[in-house]
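Quick note: the numbering used here has the sequence shown finishing at residue 196, numbered continuously throughout. Only one structure is covered here, and it is reproduced in the block below.
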Amino acid sequence: MASRKPTRFFRWFRTLPLLVLTVAFVASATLTAAPTTLVAQVFYPVKYASAINESAVRHGVDPLLAAAVAKCESNWDETAQSGAGAVGLMQVMPTTAAELAEQGVVDGAAYDPGNLLDPVTNIEYGCAYLGVLENELDGEDEVICAYNAGLAAVQKWLDAGGSISETVSFAETKYYLERVKVAYAAYQKCYPDGLS
């Protein structure tokens with residue numbers, strides 16, 4: 001009888017990894033087969049869709065790119081604040097907001113640059129900044145990198161020659177570029193008819 005207990009234990013010990021693998025496979029297959037709406041709601045939600053759509057149209061930006069930036073910048077936390085001083089959903093720097101209002105890119109009377117914790121105001125400045133970057137730069141990767149590292153850094157990397165993804169010298173910006181591109185592709189897949 002004493003010899004049977006270790007045998008049972010070792011049988012269970014061999015079965016446990018197979019059980020874990022089976023559960024992981026079923027979960028993965030379920031997620032892959034899940035309706036796009038479920039994936040969107042769980043992994044790629046959207047807050048303030050109408051504000052994003054309106055600001056994006058006003059500044060000539062793809063609303064899905066703006067949503068991807070908000071997802072990667074703050075994970076849709078309108079109260080987010082970075083150690084560098086960026087604020088809100090799209091992590092806008094107060095100095096950037098003030099410059100955009102001063103240059104007339106954003107109506108500072110309608111969207112107070114000092115009120116970046118207001119989601120609609122933050123989205124307006126975030127979309128405006130994306131629009132400015134799109135006017136200054138040639139490619140999507142360049143715009144995404146500039147949103148993270150600034151226009152001057154991207155210009156310096158471009159002057160070095162090669163594609164932006166090859167010349168980025170900030171590890172954080174390389175990682176940011178990949179994250180936003182993945183999120184952007186996911187938003188395009190999850191919201192083929194646009195944000196709603």
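Cβ atoms here follow ideal geometry from the backbone N, Cα and C, with glycine treated the same way.
- prompt: Would Q103 be called buried (16 or more neighbouring beta carbons within 10 Å of its own) or exposed?
  reply: Flag for Q103 reads exposed.
field: Alpha-carbon to alpha-carbon, L64 and T30
entry: For T30, the predicted model reports a pLDDT of 49, less than 50, meaning its position is unreliable; a value from the coordinates is still stated below. The alpha-carbon atoms of T30 and L64 are separated by roughly 25 Å.
task: Report back the beta-carbon spacing between L117 and T79 to the nearest angstrom; my notes put them in contact at under 8 Å.
output: 6 Å
- prompt: Which residues bound the alpha helix (DSSP H) around E78?
  reply: Unbroken run through E78: none, as it is neither H nor E.
- prompt: Can you tell me whether Q155 is buried or exposed, with buried defined as 16 or more other CB within 10 angstroms of its CB?
  reply: exposed
message: Taking only three categories from DSSP, how would you classify V105?
response: coil
field: For V87: DSSP bridge partner residues
entry: Q81 and V92
- prompt: How is the alpha helix (DSSP H) around D141 delimited, first residue to last?
  reply: Looking at the DSSP string, the run of the alpha helix (DSSP H) that includes D141 is E140 to A149.
task: Specify the secondary structure class of A27 as computed by DSSP and reduced to three states.
output: Below a pLDDT of 50, predicted positions are generally treated as unreliable, and A27, at 47, falls in that range; the measurement from the model is reported next regardless. DSSP places A27 in helix when its eight states are reduced to three.
Cβ-based neighbour list, S74, same chain, cut-off 8 Å, excluding 5 preceding and 5 following: A80, G88, L89, M90 and Q91
field: Assigned secondary structure, S55 (DSSP; H/G/I helix, E/B strand, else coil)
entry: Helix at S55.
message: Among the candidates G126, Y44 and G161, whose CA atom is the shortest distance from the CA of A56?
response: Each of G126, Y44 and G161 was checked against the Cα of A56, and the nearest Cα belongs to G126.
message: Give me the residue from D159, E136 and E172 with the minimum Cα distance to A149.
response: E172
field: Burial state of K71, where buried means 16 or more other Cβ atoms lie within 10 Å
entry: buried
- prompt: Looking at C-alpha atoms only, which residue of E54, Y129 and W76 is the closest neighbour of V46?
  reply: For V46, the nearest C-alpha among the options comes from W76.
- request: Using the Cα positions of C190 and K181, report the straight-line distance between them to the nearest angstrom.
  value: Going by the C-alpha atoms only, they are around 14 Å apart.
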